Amino acid sequence: MPMLNDNTRRKLNAYRLDRNGQIAPGTDRGALHTAACWSWALTGGYLASDSPLSAISIYAAIMGNAFVPDPRNPDAVLATDYGAVINDVDDDFPGCVAEFATLRANFQACRDADIALRAAEVVFEQFKVDRQGDDSEGVCAAIRAARIPVIEARDASWMVARPEKVQFMQALMSICARRNGLVPAGPGDASVYTLHMRSSRWYGWDHWGIGVRTLPAGQLTFIQTVPNHPLCHSSNVMWDEHMIQASIGIAGLLQNHVDAINLIPPAPVRLAKCGQNQCNATHGWLFSLKNHWHRCTTCGTVWCPTHGSSLAGKTWNSQTRTCNVCQGRTELLS
Ligand SMILES: [Zn+2]
Ligand SMILES: [Zn+2]
Numbered sequence: 354m355p356m357l358n359d360n361t362r363r364k365l366n367a368y369r370l371d372r373n374g375q376i377a378p379g380t381d382r383g384a385l386h387t388a389a390c391w392s393w394a395l396t397g398g399y400l401a402s403d404s405p406l407s408a409i410s411i412y413a414a415i416m417g418n419a420f421v422p423d424p425r426n427p428d429a430v431l432a433t434d435y436g437a438v439i440n441d442v443d444d445d446f447p448g449c450v451a452e453f454a455t456l457r458a459n460f461q462a463c464r465d466a467d468i469a470l471r472a473a474e475v476v477f478e479q480f481k482v483d484r485q486g487d488d489s490e491g492v493c494a495a496i497r498a499a500r501i502p503v504i505e506a507r508d509a510s511w512m513v514a515r516p517e518k519v520q521f522m523q524a525l526m527s528i529c530a531r532r533n534g535l536v537p538a539g540p541g542d543a544s545v546y547t548l549h550m551r552s553s554r555w556y557g558w559d560h561w562g563i564g565v566r567t568l569p570a571g572q573l574t575f576i577q578t579v580p581n582h583p584l585c586h587s588s589n590v591m592w593d594e595h596m597i598q599a600s601i602g603i604a605g606l607l608q609n610h611v612d613a614i615n616l617i618p619p620a621p622v623r624l625a626k627c628g629q630n631q632c633n634a635t636h637g638w639l640f641s642l643k644n645h646w647h648r649c650t651t652c653g654t655v656w657c658p659t660h661g662s663s664l665a666g667k668t669w670n671s672q673t674r675t676c677n678v679c680q681g682r683t684e685l686l687s
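Just so we're aligned, residue 354 is where the sequence shown starts under our numbering, counting upward by one.
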């Protein structure tokens with residue numbers, strides 16, 4: 354499987370991480386600008402929603418999407434009830450026997466956890482039906498207020514059977530990954546390469562992204578996007594951070610991922626952190642004529658003036674040093 358070379362993982366490590374991250378070059382337009390979060394995560398590029406390989410198509414094929422009848426009006430349907438059944442489509446997903454077993458083992462516990470939520474939704478939908486046609490301010494406010502118990506029931510139900518829901522999400526992520534040529538490497542985020550999902554619903558998702566553990570210390574950095582937004586690297590959190598996260602390892606990436614990540618430039622000093630462990634020096638936005646930062650021209654590791662000038666390899670005619678990570682040569686940045 355395609356992987357990042359060690360110097361690329363060192364280059365990523367030189368960036369300070371923050372919530373939003375940094376824009377990956379060339380992604381303020383084009384395929385990766387248009388791509389959905391799951392499209393980047395699963396393919397490294399743009400995939401249409403109606404492709405059979407899309408997360409949307411895969412979920413739709415596996416999860417039965419039934420309608421819930423309104424108990425007070427059997428002729429009417431209230432809402433689409435995703436996740437009513439796991440379809441017998443195992444043969445369409447080669448290599449996913451373990452994942453389908455996990456889906457079926459956790460399915461009922463996940464559904465049972467939503468019983469209170471569904472009851473609240475039924476009450477809310479009926480409340481709206483009863484007030485149909487009345488757009489007065491008082492009714493609109495009442496409908497907004499009636500929504501609150503539904504939100505509270507959703508939040509409460511999400512905490513019930515949370516391990517089962519996370520396993521369910523991980524199994525679906527794993528099926529989507531295999532279907533797109535990735536090789537899942539088990540649950541959790543310990544692998545060098547990882548897939549991550551945030552969701553408010555066990556049978557769906559709100560956000561996908563990938564993680565890379567950088568060198569030398571194995572720091573986890575997230576690379577993620579949302580539709581019509583640039584691809585962003587060097588995030589310290591998967592977005593939608595108020596939602597539950599499910600993560601799985603992957604044995605490598607796809608070439609599209611590697612190509613996009615290779616385009617990320619070595620960290621500019623204003624965005625960099627010093628390669629010396631525990632050093633919190635930051636360069637700031639202004640140029641400095643006196644204090645030179647060092648950056649390795651091979652692996653992109655950056656050092657503050659103090660730690661750069663303590664590297665070995667100074668020669669009589671140059672202030673540059675030898676990188677103690679890859680043995681490349683540093684350049685001076687002001
Ligand atoms: Zn280096
Ligand atoms: Zn330093």
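Glycine included, C-beta positions come from ideal geometry on N, C-alpha and C. Computed from a prediction, not measured in an experiment: that's the story for all the values here.
Worksheet item: Ends of the alpha helix (DSSP H) at Met522?
Response: What you label residue 522 is simply residue 169 of the sequence shown in a count that begins at 1. In the DSSP annotation of this structure, the continuous segment of the alpha helix (DSSP H) that includes Met522 starts and ends at 515 to 532.
Worksheet item: For the beta strand (DSSP E) that Ala389 lies in, which residues bound it at each end?
Response: Locating residue 389 in the sequence shown gives position 36, counting from the first residue. Neither: Ala389 is in no beta strand (DSSP E) and is coded neither H nor E.
Worksheet item: Is Ile614 close to chain B, meaning its C-beta is less than 9 Å from at least one C-beta of that chain?
Response: Chain labels in this structure do not include chain B; a single protein chain is all it has.
Fill in: Buried or exposed by the 16-neighbour rule on C-beta atoms within 10 Å, applied to Arg372
In the sequence shown, the residue the question calls residue 372 occupies position 19. Per the 10 Å Cβ criterion, exposed.
Discussion item. Suppose contacts are defined by Cβ-Cβ distances below 9 Å. Is Trp656 in contact with Thr683 by that definition?
Written reply: Position 303 of the sequence shown holds residue 656. Position 330 of the sequence shown holds residue 683. When the beta-carbon positions are compared, Trp656 and Thr683 come within less than 9 Å of each other.
Worksheet item: When you compare only the Cα positions, how much space is there between Val475 and Ala389?
Response: As a position in the sequence shown, residue 475 is number 122, starting the count at 1. As a position in the sequence shown, residue 389 is number 36, starting the count at 1. Each residue's alpha carbon lies about 31 Å from the other.
Worksheet item: Contact check, Asn533 vs Thr396 under 8 Å by CB: the rounded distance?
Response: Translated into positions along the sequence shown, residue 533 becomes position 180. Translated into positions along the sequence shown, residue 396 becomes position 43. The beta-carbon distance between Asn533 and Thr396, rounded to whole angstroms, is 6 Å. This is short enough to meet the 8 Å contact definition.
Worksheet item: In three-state DSSP terms, what is Pro540?
Response: Here residue 540 refers to the residue found at position 187 of the sequence shown. In the structure shown, Pro540 adopts extended strand secondary structure according to DSSP, grouped into three states.
Worksheet item: Near Cys463, what residues of its chain come up, given a Cβ to Cβ distance below 8 Å and the 5 sequence neighbours on each side ignored?
Response: Residue numbering aside, residue 463 sits at position 110 when the sequence shown is read from its first letter. Gly436, Ala514, Glu517, Lys518, Phe521, Trp555, Tyr556.
Discussion item. I'd like to confirm something about Cys649: is its beta-carbon nearer than 8 Å to some heavy atom of ligand 2, or not?
Written reply: Along the sequence shown, read from residue 1 onward, the residue named residue 649 stands at position 296. Result no, Cβ not under 8 Å from ligand 2.
Discussion item. In whole angstroms, give me the CA-to-CA distance for Ser687 and Pro619.
Written reply: Within the sequence shown, residue 687 is the residue found at index 334, counting from 1. Within the sequence shown, residue 619 is the residue found at index 266, counting from 1. The alpha-carbon of Ser687 is positioned some 15 Å away from that of Pro619.
Item to complete: Look at the alpha carbon of His647 and the alpha carbon of Cys632, and state the distance between them as a whole number of angstroms.
Response: Working through the sequence shown from its first residue, we reach residue 647 at position 294. Working through the sequence shown from its first residue, we reach residue 632 at position 279. If I take the Cα positions, the gap works out to 14 Å.
Fill in: Continuous beta strand (DSSP E) assignments of at least 3 residues falling wholly in the segment 547 to 626
The qualifying runs are 560 to 566, 573 to 577, 585 to 588, 597 to 603.
Worksheet item: Buried or exposed: which applies to Ala599, given that a residue is buried once 16 or more other Cβ atoms fall within 10 Å of its Cβ?
Response: Taking the sequence shown and counting its residues from 1, the one referred to as residue 599 is at position 246. The Cβ neighbour count for Ala599, taken over all protein chains shown within 10 Å, is at least 16; the residue is labelled buried.
Worksheet item: Which residues in the same chain have their Cβ closer than 8 Å to the Cβ of Ala472, if we skip the five residues on either side of it in sequence?
Response: Taking the first residue of the sequence shown as position 1, residue 472 is located at position 119. Correct list, in chain order: Ala506.
Discussion item. Considering only the alpha carbon of each residue, which of Trp558, Asn581, Met591 lies closest to Thr574?
Written reply: Residue mapping note: residue 574 aligns to position 221 of the sequence shown, counting from 1. Closest option to Thr574, judged by alpha-carbon separation, among Trp558, Asn581, Met591: Met591.
Fill in: Extent of the continuous beta strand (DSSP E) run through His647
By 1-based counting over the sequence shown, the position of residue 647 is 294. DSSP places His647 inside the beta strand (DSSP E), whose first and last residues are 646 to 649.
Discussion item. If I follow the unbroken beta strand (DSSP E) through Thr683, where does it start and stop?
Written reply: Here the question's residue 683 lines up with position 330 in the sequence shown. Taken as a continuous stretch (DSSP letters only), the beta strand (DSSP E) holding Thr683 covers 683 to 686.
Practice prompt. Might you give, ordered along the chain, the residues of its own chain that have their beta carbon closer than 6 Å to the beta carbon of Leu385, omitting 5 neighbours on each side?
Written response: For the purposes of this step, residue 385 is taken as residue 32 along the sequence shown, with counting starting at 1. Same-chain partners within the cutoff: Leu584.
Worksheet item: Under three-state DSSP, which class holds Gly436?
Response: Within the sequence shown, the letter at position 83 stands for residue 436. In the three-state DSSP reduction, Gly436 falls in the strand class (E or B).
Discussion item. Can you determine whether any heavy atom of ligand 1 sits closer than 8 Å to the C-beta of Asn360, and answer yes or no?
Written reply: Along the sequence shown, read from residue 1 onward, the residue named residue 360 stands at position 7. Checking every heavy atom of ligand 1 against the Cβ of Asn360, one is found closer than 8 Å.
Discussion item. Considering only their Cβ atoms, is the gap separating Gly653 from Arg363 smaller than 9 Å?
Written reply: Here residue 363 is taken as the residue at index 10 of the sequence shown, counted from 1. Here residue 653 is taken as the residue at index 300 of the sequence shown, counted from 1. Taking 9 Å as the Cβ cut-off, Arg363 and Gly653 qualify as a contacting pair.
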